[in-house]
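K.L.:
Heads up: the protein sequence lines correspond to chains R and X, in order. Heads up, the final residue of the first sequence is numbered 352 in this note's numbering, and it's a clean run with no missing numbers. Heads up, the final residue of the second sequence is numbered 131 in this note's numbering, and it's a clean run with no missing numbers.
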Amino acid sequence: VNITSSALAGAAIGLIALLAALIAIAAGRKASRAILGNRRDAADASVRPALFDLATEETDDLPEEPAGSLRRAERRVALHLLERVRGGGRERLLELLAARGDIAAARRRTRRPGAIGRAVAAAFLGHVGSVDAADDLIALLSDPHADVRNAAARALGQIGDPGAVPALLAVVDGPAAASANVVASSILRIGRGAIEPLREAFPTATPATRTIIFEALGLLGAVAAIDDFASALEHDADVHVRVAAAEGLGRIGLPRGVPSLTLALEDRDGPAAVRSAAAAALARIGAPESVPALARAVATGEHDVARVAAGGLATAGAPGLLQLGNLRAAPAGLGAPYAIEALALHHLAREPGTELELAA
Amino acid sequence: VRFKLERTGFTVVATADGRAALAAAKEHAPDLVVLDVMMPGLTGIEVCRELRLDEATRATPVILLTARAQEADVERGFAAGADDYIVKPFSPRELLSRVHAVMARGRLAS
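1) Which term fits residue 96 of chain X, buried or exposed, when burial requires 16 or more other beta carbons within 10 angstroms of its beta carbon?
2) For residue 58 of chain X, does the three-state DSSP call read helix, strand or coil?
3) Quick one: what does DSSP say residue 201 of chain R is sitting in, helix, strand or coil?
4) Under 6 Å Cβ to Cβ from residue 143 of chain R, same chain only, skipping five residues before and after it: list those, please.
5) Closest Cβ-Cβ distance between residue 47 of chain R and chain X: below 8 Å?
6) Terminal residues of the continuous beta strand (DSSP E) containing residue 105 of chain X?
7) Check residue 147 of chain R in the structure and name its three-state DSSP category.
8) Within the continuous beta strand (DSSP E) that includes residue 88 of chain X, where are the two ends?
9) Just to confirm, is the Cβ distance from residue 289 of chain R to residue 257 of chain R under 8 Å?
10) Output, in chain order, the set of chain X residues within a Cβ distance shorter than 8 Å of residue 77 of chain R.
11) Can you tell me the Cα-Cα spacing of residue 75 of chain R and residue 119 of chain R, whole angstroms?
12) Any heavy atom of the ligand SAM inside 7 Å of the beta-carbon of residue 234 of chain R?
13) Across the segment 98 to 108 of chain R and the segment 65 to 82 of chain R, are there enough close Cβ pairs to call them in contact, namely three or more that are closer than 8 Å?
14) Quick one: list the residues of chain X neighbouring residue 50 of chain R, beta-carbon separation under 7 Å, in chain order.
15) When the Cα atoms are used, what is the spatial distance from residue 205 of chain R to residue 47 of chain X?
16) Quick one: give me the first and last residue of the alpha helix (DSSP H) that residue 233 of chain R is part of.
17) Whole-angstrom Cβ separation of residue 306 of chain R and residue 316 of chain R, contact assumed at under 8 Å?
18) Using 8 Å as the threshold, is the C-beta distance between residue 250 of chain R and residue 223 of chain R below it?
19) Can you tell me whether residue 68 of chain X is helix, strand or coil according to DSSP?
20) So, does the CB of residue 194 of chain R fall closer than 8 Å to a CB anywhere in chain X?
21) Just the C-alpha distance for residue 325 of chain R and residue 181 of chain R, rounded to the nearest angstrom, thanks.
22) Any contact between the segment 258 to 274 of chain R and the segment 228 to 242 of chain R? By contact I mean 3 or more CB pairs, one from each, below 8 Å.
23) By Cβ distance, which residues of its chain are closer than 6 Å to residue 159 of chain R, with the 5 residues on each side in sequence left out?
24) Taking 8 Å as the threshold (beta carbon to beta carbon), is residue 44 of chain R in contact with chain X?
25) Could you compute how far the alpha carbon of residue 66 of chain R sits from the alpha carbon of residue 52 of chain R?
26) Going by the beta-carbon positions, is the gap between residue 209 of chain R and residue 197 of chain R smaller than 8 Å?
27) For residue 81 of chain R, decide whether its Cβ has a neighbour in chain X, counting only Cβ atoms nearer than 8 Å.
28) By the DSSP assignment, the alpha helix (DSSP H) with residue 126 of chain X in it spans what residues?
29) Any chance you could list the alpha helix (DSSP H) runs of at least 4 consecutive residues sitting entirely within the segment 317 to 344 of chain R, in chain order?
So, in structure tokens, the structure goes:
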């Protein structure tokens, strides 16, 4: 009994000692983090006035190069300010980073071992918008690490060079792909300059890439590509591409898209996802000539398509509301519940607080 | 904003949120109010609307600072009575010229 008691007491003392040691370590780490944070804040504060002068164009003269930790603080504060100013102030800050050798060093780091270093270098080059570094970043798109590829794709979007579009599209799928969302965001960030490279890449692109191309073209409002959208909506073998083409036509919003969208909506042998996307696009365009096709789509009672089409009729003005009224008046019809719902929502949106005539 | 305006000779009262901005505007009766659209408490647009409802601040020129993603708010800002807006990130020189222009317009109007 004595042996058991002393063993238990020993274990308890050991446990308490271990706990105390852990608490001491945690407190020590917290204290050292606070000290480091304070030092960092002090370093940032000491370089900030000179960089503020530069960023606000109070002076064109670069400050003297500080040493050691102040040099790191200068880079940190310059990057922070870079995101907040444009015009001459931004140019002066970029001049400073170039003069200090930071941009050249980041470009060298893109080729060094160490994935974290390469990703950080890519992010830095994106922040500074270094057009000269585009080739280094394009090379990083085939990096073995996905995080590095994503950082490079993001940076290419920040730089905004349309010349990077083919390289970005090349990593949409495959064994060494970047995130499709990152690629799409980067292409959108490049802006309307990306439209022509996107169209040129389309004929040889994979289905996943074609989907991204149409999503991007739609969001960029690529009116010049409207025939490409129509052709893909009608003929593409991939459902996702057809859906993206329909959505793109809706986003562009021109009545020129109505005929091909109407065809897709009324193709009863086609995938429901495409018909639903076509109905939504027609609703978005809001052209009067799409009203009969939307009404027929409501009458089918095919849930996803009918619901969207009924919503489209509700936004198509008087002719659409008239069709909804007709559909509602045929209670035995498959489209009646969708017409009632769309009219109720329309009524609610226009006159909130009024009683809904759901029973009609 | 504060750094550039102070360097140019303006006296700046900066606040951390919308409610404090409203209180400061009423207390200091400034020549101009620069409001970030996204502020805790009250948004810049709400503060602008409140300023326009108060007799003492009704005519105070207001500039809104908006991020590119919030550009849709510009219309609401003008509807609330803002005089101008600047999209972030902005050039400090642009800020200064807008401040001078809005203040000059305000002087002409009064």
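Beta carbons are placed, not taken as given, at the ideal position from N, Cα and C, and that holds for glycine.
P.N.:
In brief:
1) exposed
2) coil
3) helix
4) 111, 114, 115
5) yes
6) 105 to 109
7) helix
8) 83 to 88
9) yes
10) 110, 111, 112, 113
11) 7 Å
12) Among the components modelled here there is no ligand, and therefore nothing to report on the ligand SAM.
13) no
14) 28
15) 52 Å
16) 231 to 244
17) 6 Å
18) no
19) helix
20) no
21) 47 Å
22) yes
23) 130, 133
24) yes
25) 16 Å
26) no
27) yes
28) 113 to 130
29) 328 to 342
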